[in-house]
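*Asks:*
Chains as they are written, first to last, in this note's numbering: chain A, 11 to 122; chain B, -9 to 106.
1. Measure from the alpha carbon of residue 52/A to the alpha carbon of each residue in 95/B, 94/B, 82/B, then state which is nearest.
2. Where does residue 21/A fall in DSSP's three states?
3. Please classify residue 88/B: does DSSP put it in a helix, a strand, or coil?
4. Find the nearest neighbour of residue 32/A within the set 92/A, 59/A, 102/A, 54/A, judged by alpha-carbon distance.
5. Using a beta-carbon distance below 8 Å, is residue 90/B in contact with chain A?
6. Cβ closer than 8 Å: which chain B residues qualify as neighbours of residue 16/A?
7. Please identify the residue among 122/A, 100/A, 116/A whose C-alpha is closest to the C-alpha of residue 13/A.
8. Give a yes or no on whether the C-beta atoms belonging to residue 86/B and residue 15/B are separated by under 8 Å.
9. I need the DSSP call for residue 94/B, collapsed to helix, strand or coil.
10. Cα-Cα, which of 48/B, 33/B, 10/B, 23/B is closest to residue 104/B?
11. Mind reading off the beta-carbon distance from residue 43/A to residue 74/A? Whole number of angstroms is fine, and I expect it under 8 Å.
12. Output the distance between the C-alpha atoms of residue 113/A and residue 5/B, rounded to the nearest integer angstrom.
13. Please check the pair residue 72/A and residue 81/A, which I expect to be a contact at CB under 8 Å, by giving their CB distance rounded to whole angstroms.
14. Between residue 30/B and chain E, is there a C-beta pair that is closer than 8 Å?
15. Bridge partners for residue 60/B per DSSP, in chain order?
16. Between which two residues does the beta strand (DSSP E) harbouring residue 40/B extend?
17. Please report the straight-line C-alpha distance between residue 95/A and residue 27/B, rounded to a whole angstrom.
18. Measuring only between beta-carbons, confirm whether residue 81/A sits less than 8 Å from chain B.
19. Should residue 7/B go down as buried or exposed, given a rule of 16 or more other Cβ atoms within 10 Å for buried?
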């Protein structure tokens, strides 16, 4: 699976949009971009994923550049409960053993 | 999304004893489950892949005789930490793969193990 690079930490004011970048310059054509987050002392929570097109769900939006070498997770209106470590992962979807390799992620702190 | 549970949520045991952690997929059948461990302020590290009805596949550096994994049914995998020592204290997290949703993985809430 391709490696990703994320900033170590970010702050965001409550109510503002949080934009979390991720670089994955070695991504291959059939690897997906996944985002998970982990709130302190909890298991990771799936947020969103995409292949080429931008995606939006009730939690967030995912913007993938045209060359697919980077992406941005957008939390449109950050709340204090969004404080967590956010992991950007690129992975194949395949029927064999399919696990997620977690990097160091970005520690997002939402400030009141 | 699908629900994965873990039991217990936290456990304290004495050095030398064994501890069993259960991981259950509550609303889907998981042919494959994964066990991770996480040290404070560190990322998740995959320990092993648990396949229903067959032996688990362990990552390099993980002792299979110390971390016993059993996946006896499509909804339950167990991780037993044998002869636990203080250095085994960690946050253990399981995930289960749902073949009905393009092989998505859903994570349990984690188990905090403290060995005294």
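All C-beta atoms, glycine included, are put in the ideal place defined by N, C-alpha and C.
*Replies:* Taking the structure as given:
1. Here residue 52/A is taken as the residue at index 42 of the first chain, counted from 1. It is 82/B whose Cα lies nearest to the Cα of residue 52/A.
2. The sequence position of residue 21/A within the first chain is 11, counting from 1. Reduced to three states, the DSSP call for residue 21/A is strand.
3. One-based indexing of the second chain puts residue 88/B at position 98. Correct three-state label for residue 88/B: strand.
4. On the first chain, position 22 is the one that residue 32/A refers to. The option with the nearest alpha carbon to residue 32/A is 59/A.
5. Here residue 90/B is taken as the residue at index 100 of the second chain, counted from 1. It does not: the Cβ of residue 90/B has no partner Cβ on chain A nearer than 8 Å.
6. Position 6 of the first chain, counted from the first residue, corresponds to residue 16/A. The contacting residues do not exist; residue 16/A stays about 11 Å from chain B at best.
7. Within the first chain, numbered from 1, the residue matching residue 13/A stands at position 3. Of 122/A, 100/A, 116/A, the residue nearest in Cα terms is 100/A.
8. Taking the first residue of the second chain as position 1, residue 86/B is located at position 96. Taking the first residue of the second chain as position 1, residue 15/B is located at position 25. Yes. Within cutoff.
9. Taking the second chain and counting its residues from 1, the one referred to as residue 94/B is at position 104. Strand.
10. Position 114 of the second chain, counting from 1, holds the residue named residue 104/B. Checking every option, the nearest Cα to that of residue 104/B belongs to 10/B.
11. In the first chain, residue 43/A corresponds to position 33, counting from 1. In the first chain, residue 74/A corresponds to position 64, counting from 1. With 8 Å as the limit, residue 43/A and residue 74/A qualify as a contact, their Cβ atoms being about 6 Å apart.
12. By 1-based counting over the first chain, the position of residue 113/A is 103. By 1-based counting over the second chain, the position of residue 5/B is 15. Taking the straight line from one Cα to the other gives about 31 Å.
13. Mapped onto the first chain, residue 72/A falls at position 62. Mapped onto the first chain, residue 81/A falls at position 71. Going by Cβ atoms, the distance from residue 72/A to residue 81/A rounds to 6 Å, so yes, they are a contact pair.
14. Annotation note: the requested chain E is absent from the structure, which comprises protein chains A and B.
15. Taking the first residue of the second chain as position 1, residue 60/B is located at position 70. Per DSSP, 68/B.
16. Translated into the one-based positions of the second chain, residue 40/B becomes position 50. Under the DSSP assignment, residue 40/B falls in the beta strand (DSSP E) whose first and last residues are 35 to 41.
17. Numbered from 1 along the first chain, position 85 holds the residue referred to as residue 95/A. Numbered from 1 along the second chain, position 37 holds the residue referred to as residue 27/B. In this structure, the alpha-carbon of residue 95/A lies about 16 Å from that of residue 27/B.
18. Residue numbering aside, residue 81/A sits at position 71 when the first chain is read from its first letter. It does not: the Cβ of residue 81/A has no partner Cβ on chain B nearer than 8 Å.
19. As a working mapping, residue 7/B is identified with position 17 in the second chain. Residue 7/B sits exposed, since fewer than 16 C-beta atoms from the chains shown fall within 10 Å of its C-beta.
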